[in-house]
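Scroll down for the structure; my scribbles are underneath it.
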Amino acid sequence: MASNSSRDYTIRPMKEEEIEETYELVDKEGWNLTLDKFTHLYHSCPKAFYVAATYQGEIVGTISFFPTFPKEYVLGNIVIKSTYRHKGMGKKLVDVMMEQHSPCVVSCTAVPGADQFYINVGFSFTEPQQGHDIFHIEINREELDKQLLNNNDTGLSVRPYDKKDFKALVDYDTEAKGYRSDAYVSMMVDCFPTYVAVHNDDRLAGYVAALIKREEIVLDGLCADSDSIACHLFRKVLDEFPTRNNVKLQVPTSRLFLSQLGVICSSSKYNRYSLGQPTPSPLVKIYN
């Protein structure tokens, strides 16, 4: 049985009144989160959030995870306060989480520099499911518009999400990812500007959501039936934020199309690790 305490702290489920303090710990590491998103995800799945708290009540570590396929989870955030790192807390957080949900498969996308940590706590490099490439790009709007002129997407429109789209959007997201997540879609449309691409017969052809984080446009999801539809959705995001041209992308390694729509300022690779063998997502429609 995993020990959930030490002489300095105890690991337990996060409390609602600790949302903001825990978010501030995570936010310092630059994750693509807002307080609204973090709060929404907690309310949708409170059992998915654990913290390491000192006996004086200070939050010094956190881990979160979310269900995907049956008996499978994806690790959301694992963050340790700097003064508590390299003391075994990360492994304790993973062990407690696994014990609470055993038997299960857990996968994660490791930030650069964290690969050895996941190997040390028993994760394996995951195949065939791929990792992500992170790009910070500067968009040339004129070049993107020229590309859109060459696209032959008659009968397609891109418009703001409407509540009546919810079921179709969940179904489309499920098809794109391979598993159903009403909670994530609900968070996305409640927290961020969201647009849908729609055929004349009202069939969804894609969606996109975005936010501003640290002076950049950050895509919180872009799925589409084709490159040209992805371009239309991406252009709508730029319309939403007309004064911003710097964009952060997190794209599957096999789908680097969006990174080609601007000048790459910097990039990094996030490898994927797992405990157990995760079910691969289709990836065919996932652009970000």
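Under numbering that gives the first Met the number 0, the residue at position 19 of the sequence shown is numbered 18, and the numbers go up by one with no gaps.
Glycine included, C-beta positions come from ideal geometry on N, C-alpha and C.
Because the structure is a prediction, the values reported are computed rather than measured.
Between which two residues does the beta strand (DSSP E) harbouring residue i extend?
{"i": "N76", "result": "E71 to I79"}
{"i": "C264", "result": "G261 to L274"}
{"i": "D219", "result": "E215 to A223"}
Do you know how far the Cα of residue j is from the Cα of residue i?
{"i": "R254", "j": "M88", "result": "35 Å"}
{"i": "D226", "j": "V283", "result": "11 Å"}
{"i": "V50", "j": "H198", "result": "45 Å"}
{"i": "S106", "j": "S273", "result": "4 Å"}
{"i": "D170", "j": "R179", "result": "8 Å"}
{"i": "S280", "j": "P66", "result": "13 Å"}
{"i": "H39", "j": "Q259", "result": "33 Å"}
{"i": "L257", "j": "H231", "result": "11 Å"}
{"i": "D305", "j": "M97", "result": "Only positions 0 to 287 of the chain appear in the structure, and residue 305 is not among them; the question remains open."}
{"i": "E57", "j": "I79", "result": "12 Å"}
{"i": "F240", "j": "Q276", "result": "40 Å"}
{"i": "K162", "j": "T193", "result": "11 Å"}
{"i": "Q249", "j": "E16", "result": "31 Å"}
With burial defined as no fewer than 16 other Cβ atoms inside 10 Å of the residue's Cβ, what is the status of residue i: buried or exposed?
{"i": "R234", "result": "buried"}
{"i": "F122", "result": "buried"}
{"i": "G154", "result": "exposed"}
{"i": "K247", "result": "buried"}
{"i": "M0", "result": "Caution is warranted here: a pLDDT of 44 is assigned to M0, below 50, making its placement in the model unreliable, and the coordinate value is therefore given only provisionally. By the 10 Å Cβ count, M0 comes out exposed."}
{"i": "H131", "result": "buried"}
{"i": "N76", "result": "buried"}
{"i": "R6", "result": "exposed"}
In the DSSP assignment, find the unbroken alpha helix (DSSP H) run with residue i in it and report its ends.
{"i": "A182", "result": "D181 to C190"}
{"i": "A229", "result": "D226 to E239"}
{"i": "N119", "result": "D114 to N119"}
Short check: CB of residue i to CB of residue j, under 8 Å?
{"i": "G177", "j": "T278", "result": "yes"}
{"i": "C264", "j": "E137", "result": "yes"}
{"i": "F134", "j": "S266", "result": "yes"}
{"i": "L218", "j": "L168", "result": "no"}
{"i": "C190", "j": "K90", "result": "no"}
{"i": "M186", "j": "S63", "result": "no"}
Output yes if chain B places a C-beta closer than 8 Å to the C-beta of residue i; else output no.
{"i": "E214", "result": "The structure shown contains no chain B; it is built from a single protein chain."}
Review point. Going along the chain, which unbroken runs of the alpha helix (DSSP H) with 4 or more residues stay wholly within the stretch 23-105?
Key: 34-43 and 88-100
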